[in-house]
Amino acid sequence: MTLAIALLGCAESDRTGALAEPCSESGACDEGLVCERGVCALPAIAQDASAPREDASVVEEHDAGTPVDASGWDATLVPPEPPPPPRDTGPRLPPPPLRSHTAEPGFFDAALDWERHRLFLSQGASGRVEVIDLVTGARGIVNTGHIAEHMHFDPHRDEIAIALPVRLHSSYWWDDEQEGYVTTIDPAALTVREPIYVEIDPWDVIADGYGRIHVSSGSGQHTISATIDLVQGQSRVLTDSFGLYERTSLELHPSGDHAYGVGPHDATARLELGSVLAIQYRAPHDPSMPTACAAIRIDPRGRTIHTACGQVLVATDNPLTDMTPTGTLDTGWTDLVFHPSGDRLYLIDDDAPGIGVYDVATLTRVDTIDVEGRPVRLLAAPDYLVVLTPVLGGVPTTRVDVRSYDAR
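If you're matching positions, the sequence shown starts at 1 in full-length UniProt numbering and goes up one per residue.
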């Protein structure tokens, strides 16, 4: 939620001290202020914080108990402010035909450029990234020169961010010994930017749309993280901050100003972006909830967080309610994506065949899409779904299926 910033006149001087003060335990602030991200601030709709607010009853109701809309969402939330528009403002290419493609076996990670409809598959130790044009079926290879692992497509800058570690990850590779590289791939030209040296063992990466790549570490137990500025300087590491566990998976919130992370041994944590990547706070302790959930996903509206254990958490800007449980799915998952509308989600898990389709509001399974084999990855585009399935046999491959969201 964007906060209004105003200069207070002399008549308001007795209230300026209330700005930026922590909210009370109940989430309340002085009259005319609202609780945003744990501090008291001017409401976005207010030109004069001393004037009565038309939505005062909504705020009071939120304090007493969050009102929900017809779909069960927090009615006090507003759509997040989007990141800046992409550099090339032209329309997306027409969607690819619904067909299958063949890729190399044993990929490490996958990223989808849904503007040009190109699939990128990192190949780990070989340093190669396989590229498949989902429209023409053409295949190509990008060589990074280092181990090629986690990737993230940034549609706002038209880049594929990629982590390039230089050795195997280890809990005993201490922080002051770590090193690696991070770079970007141009998905149109299929060229690699000169790798940026970082003093951490890079694991997961997210590109925030503002020219920054945020990186978690793959080694060192409780370890460091880094933020790389691609605009200010090629090798400028802005901040290293303690608090993340090794191999933390990162997921960017649709607002672009913060992310959530979860490690193999940690509870979910909120991370503020900008010039730093640092934990703001962790999820409230709940002994009944699993913590080692390995991966998370955030719905397109930015209102819920799904962990690989099947738990569903609320995503808000209030530390008292952020990352608190709101429900569970009937299964865990190995991968999960959302329909662009945000109304349905699609998941795969090791214990059940096919792709499970769930209603996001009720968290109930509404359909199952039959597929051949056992898929290991799903990728979502505005117009189609990509399903990646290992094919074993004499010559192992990876089958790449481009499917309609409603295909059976």
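Yeah, the Cβ is synthetic: ideal placement off N, Cα and C, and Gly gets one too.
For residue i, three-class secondary structure by DSSP
{"i": "residue 271", "result": "strand"}
{"i": "residue 199", "result": "coil"}
{"i": "residue 155", "result": "coil"}
{"i": "residue 98", "result": "coil"}
{"i": "residue 335", "result": "strand"}
{"i": "residue 147", "result": "coil"}
{"i": "residue 388", "result": "strand"}
{"i": "residue 59", "result": "Confidence is the limiting factor: at residue 59 the pLDDT is only 31, short of 50, which leaves the residue's position unreliable and the question unanswerable from this model."}
{"i": "residue 130", "result": "strand"}
{"i": "residue 214", "result": "strand"}
{"i": "residue 46", "result": "Its pLDDT being 35, under 50, residue 46 is placed unreliably by the model, and the measurement read from it follows with that caveat. Of the three classes helix, strand and coil, the one that applies to residue 46 here is coil, per DSSP."}
{"i": "residue 409", "result": "Not covered by the structure: residue 409. The range shown for the chain is 1 to 408."}
{"i": "residue 399", "result": "strand"}
{"i": "residue 120", "result": "strand"}
{"i": "residue 320", "result": "coil"}
{"i": "residue 135", "result": "coil"}
{"i": "residue 409", "result": "Only positions 1 to 408 of the chain appear in the structure, and residue 409 is not among them; the question remains open."}
{"i": "residue 220", "result": "coil"}
{"i": "residue 30", "result": "coil"}
{"i": "residue 92", "result": "coil"}
{"i": "residue 312", "result": "strand"}
{"i": "residue 295", "result": "coil"}
{"i": "residue 325", "result": "strand"}
{"i": "residue 207", "result": "strand"}
{"i": "residue 125", "result": "coil"}
{"i": "residue 54", "result": "Reliability fails at residue 54, whose pLDDT of 40 lies under 50, so the model's placement of it is uncertain and no value is given."}
{"i": "residue 263", "result": "coil"}
{"i": "residue 142", "result": "strand"}
{"i": "residue 115", "result": "coil"}
{"i": "residue 251", "result": "strand"}
{"i": "residue 192", "result": "strand"}
{"i": "residue 283", "result": "coil"}
{"i": "residue 109", "result": "strand"}
{"i": "residue 330", "result": "coil"}
Proximity to residue i [Cα-Cα], best of the options
{"i": "residue 400", "options": "335, 110, 293", "result": "110"}
{"i": "residue 141", "options": "119, 264, 161", "result": "119"}
{"i": "residue 395", "options": "388, 145, 102", "result": "102"}
{"i": "residue 380", "options": "301, 133, 94, 112", "result": "112"}
{"i": "residue 114", "options": "176, 94, 127, 129", "result": "94"}
{"i": "residue 165", "options": "375, 358, 355, 177", "result": "177"}
{"i": "residue 246", "options": "368, 270, 219", "result": "219"}
{"i": "residue 388", "options": "360, 354, 367", "result": "354"}
{"i": "residue 332", "options": "143, 370, 148, 293", "result": "293"}
{"i": "residue 197", "options": "154, 145, 191", "result": "145"}
{"i": "residue 181", "options": "349, 170, 194", "result": "194"}
{"i": "residue 370", "options": "137, 359, 406", "result": "406"}
{"i": "residue 152", "options": "250, 132, 96, 199", "result": "250"}
{"i": "residue 335", "options": "154, 168, 391, 386", "result": "386"}
{"i": "residue 162", "options": "168, 133, 200, 204", "result": "204"}
{"i": "residue 143", "options": "217, 199, 131", "result": "131"}
{"i": "residue 98", "options": "137, 126, 124", "result": "137"}
Cβ neighbour criterion (16 or more within 10 Å) applied to residue i
{"i": "residue 364", "result": "exposed"}
{"i": "residue 373", "result": "exposed"}
{"i": "residue 159", "result": "buried"}
{"i": "residue 248", "result": "buried"}
{"i": "residue 393", "result": "exposed"}
{"i": "residue 316", "result": "buried"}
{"i": "residue 122", "result": "buried"}
{"i": "residue 172", "result": "exposed"}
{"i": "residue 403", "result": "buried"}
{"i": "residue 366", "result": "exposed"}
{"i": "residue 318", "result": "buried"}
{"i": "residue 242", "result": "Unreliable positioning characterises residue 242 in this predicted model, as indicated by a pLDDT of 47, which lies under 50. A coordinate reading is not provided."}
{"i": "residue 351", "result": "exposed"}
{"i": "residue 188", "result": "exposed"}
{"i": "residue 100", "result": "exposed"}
{"i": "residue 92", "result": "exposed"}
{"i": "residue 168", "result": "exposed"}
Supposed contact pair residue j and residue i - C-beta distance, whole angstroms, cut 8 Å
{"i": "residue 105", "j": "residue 324", "result": "Between residue 324 and residue 105 the Cβ distance is about 41 Å, and since that is not below 8 Å, they are no contact."}
{"i": "residue 207", "j": "residue 215", "result": "The Cβ separation is near 10 Å, so there is no contact."}
{"i": "residue 262", "j": "residue 296", "result": "5 Å"}
{"i": "residue 300", "j": "residue 342", "result": "4 Å"}
{"i": "residue 116", "j": "residue 148", "result": "The pair is not a contact, with the Cβ atoms about 20 Å apart (cut-off 8 Å)."}
{"i": "residue 305", "j": "residue 362", "result": "Actually they are not in contact, since the Cβ atoms of residue 305 and residue 362 sit about 17 Å apart, beyond 8 Å."}
{"i": "residue 384", "j": "residue 96", "result": "7 Å"}
{"i": "residue 416", "j": "residue 340", "result": "Lying outside 1 to 408, the shown extent of the chain, residue 416 is not represented and no answer is given."}
{"i": "residue 412", "j": "residue 328", "result": "Within the shown structure, residues of the chain are numbered from 1 to 408, placing residue 412 beyond reach of any answer."}
{"i": "residue 211", "j": "residue 229", "result": "7 Å"}
Residue i CB to nearest heavy atom of the ligand ATP below 6 Å
{"i": "residue 180", "result": "Inclusion of the ligand ATP in the displayed structure is not the case, the ligand content being empty and no account of it being possible."}
Beta carbon proximity, residue i to chain B, threshold 7 Å
{"i": "residue 376", "result": "Annotation note: the requested chain B is absent from the structure, which comprises a single protein chain."}
Discussion item. Quick check for students: name the residue ranges of the beta strand (DSSP E) that lie wholly in the region 160-187, counting only runs of 3 or more.
Written reply: The region 160-187 contains, as complete beta strand (DSSP E) runs of 3+ residues, the segments 180-186 (chain order).
Discussion item. What ranges does the beta strand (DSSP E) occupy inside the region 343-393, keeping only unbroken runs of at least 3 residues that lie completely in it?
Written reply: Whole beta strand (DSSP E) segments, 3+ residues: 344-349, 352-359, 364-369, 377-380, 385-391.
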